[in-house]
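These protein sequence lines are chains A and B, in that order.
Read in this note's numbering, the first sequence has 160 at position 149, and its numbers run on one by one without any break.
Read in this note's numbering, the second sequence has 17 at position 6, and its numbers run on one by one without any break.
Where is the CB? At the ideal position from N, CA and C, for every residue including glycine.
The model shown is predicted, which means the values in this text are computed figures rather than measured ones.
So the structure is just underneath, and the comments pick up after that.
2 protein chains.
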Amino acid sequence: EQAVVRGIAHDISEAKLTVYRVPDTPGVAASLFEPLADAGVTIDMIVQNVSQEGSTDISFTVPLAMLDVAEEVTKTVAEDVNAGGVSTDREIAKVSIVGIGMKTESGIASRMFRILADHDINIQMISTSPIRISCVIAEDRVSEAVSALHAGLELDGEALQ
Amino acid sequence: EQAVVRGIAHDISEAKLTVYRVPDTPGVAASLFEPLADAGVTIDMIVQNVSQEGSTDISFTVPLAMLDVAEEVTKTVAEDVNAGGVSTDREIAKVSIVGIGMKTESGIASRMFRILADHDINIQMISTSPIRISCVIAEDRVSEAVSALHAGLELDGEALQ
Ligand SMILES: C[C@@H](O)[C@H](N)C(=O)O
Ligand SMILES: C[C@@H](O)[C@H](N)C(=O)O
């Protein structure tokens, strides 16, 4: 399948929360996201990597207006499961390459990472699928990131959802 | 936007690699994925969570047949950037709920996590977007996970890509 890059999307409307050192045992993810759902918190991105020494971190993004509610719920759960702590960050942006068939062309992800690196923009989180390669970066770098990606991938400037 | 769950997809054709404790500085992600692309390795899922104390982990999945090449490239990079180490796992499965508008219905992610928890299936990695909620689990639990998700979400049994 030939990769097709449709464009670049960016989102500065979200905040990020991270719960550190949650036990890597069945039921922990459910115990965090059930009360968040009950509290009406809408969740966009969830990222959890593999554990080390029995614990891992779970990060997720929510609309800025929901951060306070999300933080309160999350801190309660963190305590209940004996997690290490909770951090929040309002100053993030999500930048994504949107397309199709992008796993066969793994070069697209590496090109995205290289373009950001060349602009000294640190990649805080990565979450990808064959149709969307998303990076969380500092919000104050988002315009530069989007311009750099358009130029580097030789795309026109049309912003995508 | 009303959420619509289209179905459950699963994939047992991939292996997972993790590079532990890479420096969280610009250029590190590029330095890993450029040589992987050069080596012809196709990459499906990339997951990186936020750093602690200046380092983080990067995990990604590749077709089983590419694991040896991917591991060799990854170990070289890990050494170059002074990372902590590299692990691989052939025995994984990716299980995904596929749909649309699933962030507004954050309850779908929590229901997926709860169904897996009720079957004592550990969630090793999570990567989500509003159209796909993906969990990496042990390959020997995939049939049980897929059946449980179909039943729990009251879907017909049609498997999706
Ligand atoms: C960390 C969390 O995902 C845990 N492994 C669970 O299955 O709920
Ligand atoms: C860890 C890695 O993603 C690093 N932050 C980078 O920007 O390349």
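Check	Outcome
9 Å Cβ cut-off: residues of chain B touching A:Glu45	Gly118, Ser121, Arg122, Phe124, Arg125
Cβ separation of A:Ala89 and A:Gly96, assumed to be a contact under 8 Å, to the nearest whole Å	7 Å
The beta strand (DSSP E) enclosing B:Gly110, as first and last residue numbers	103–111
Pair within 7 Å by beta-carbon distance, A:Val52 and A:Val30	no
Proximal residues, the segment 40–64 of chain B versus chain A, C-beta separation under 9 Å	Ala40, Ala41, Ser42, Leu43, Phe44, Glu45, Pro46, Leu47, Ala48, Asp49, Gly51, Val52, Thr53, Ile54, Asp55, Met56, Ile57, Val58, Gln59, Asn60, Val61, Ser62, Gln63
Reduced DSSP secondary structure (H/G/I, E/B, other) of B:Thr36	coil
Reduced DSSP category for A:Val92 - H, G, I as helix; E, B as strand; rest coil	coil
Buried versus exposed, by CB contacts within 10 Å (16 or more), A:Val39	buried
7 Å Cβ cutoff, B:Ala128 in contact with chain A	yes
Spatially closest choice to B:Met123 from B:Glu83, B:Leu160, B:Thr85, by CA coordinates	B:Leu160
Per-residue burial, B:Thr67 [other beta carbons within 10 Å of its own, 16 or more giving buried]	buried
Proximal chain A residues relative to B:Pro34, where beta-carbon distance stays under 8 Å	Residues of chain A passing the Cβ test: none, with the nearest at roughly 10 Å.
Span of the beta strand (DSSP E) around A:Gly18	15–22
Unbroken stretches of the beta strand (DSSP E), 3 residues or longer, contained in the segment 113–168 of chain B	136–140, 143–149
Contact test: A:Ala76 Cβ vs ligand 1 heavy atom, cutoff 6 Å	no
CA nearest to the CA of B:Val153, picked from B:Val16, B:Gln13, B:Glu25	B:Glu25
Nearest to B:Val16 (by Cα), restricted to the options B:Asp35, B:Phe44, B:Arg143	B:Arg143
Beta-carbon spacing of A:Gly112, A:Ala14 below 7 Å	yes
Coarse secondary structure for B:Thr53, derived from DSSP in three states	coil
Chain B within 7 Å of A:Thr29, Cβ atoms only	yes
Below-7 Å beta-carbon distance, A:Arg143 vs any chain B residue	yes
DSSP bridge partner residues for A:Ala26 (one or two, in chain order)	A:Val73
Separation of B:Val106 from B:His21, as counted between CA atoms	4 Å
Pairwise C-alpha distance: A:Ser62 and A:Ile23	29 Å
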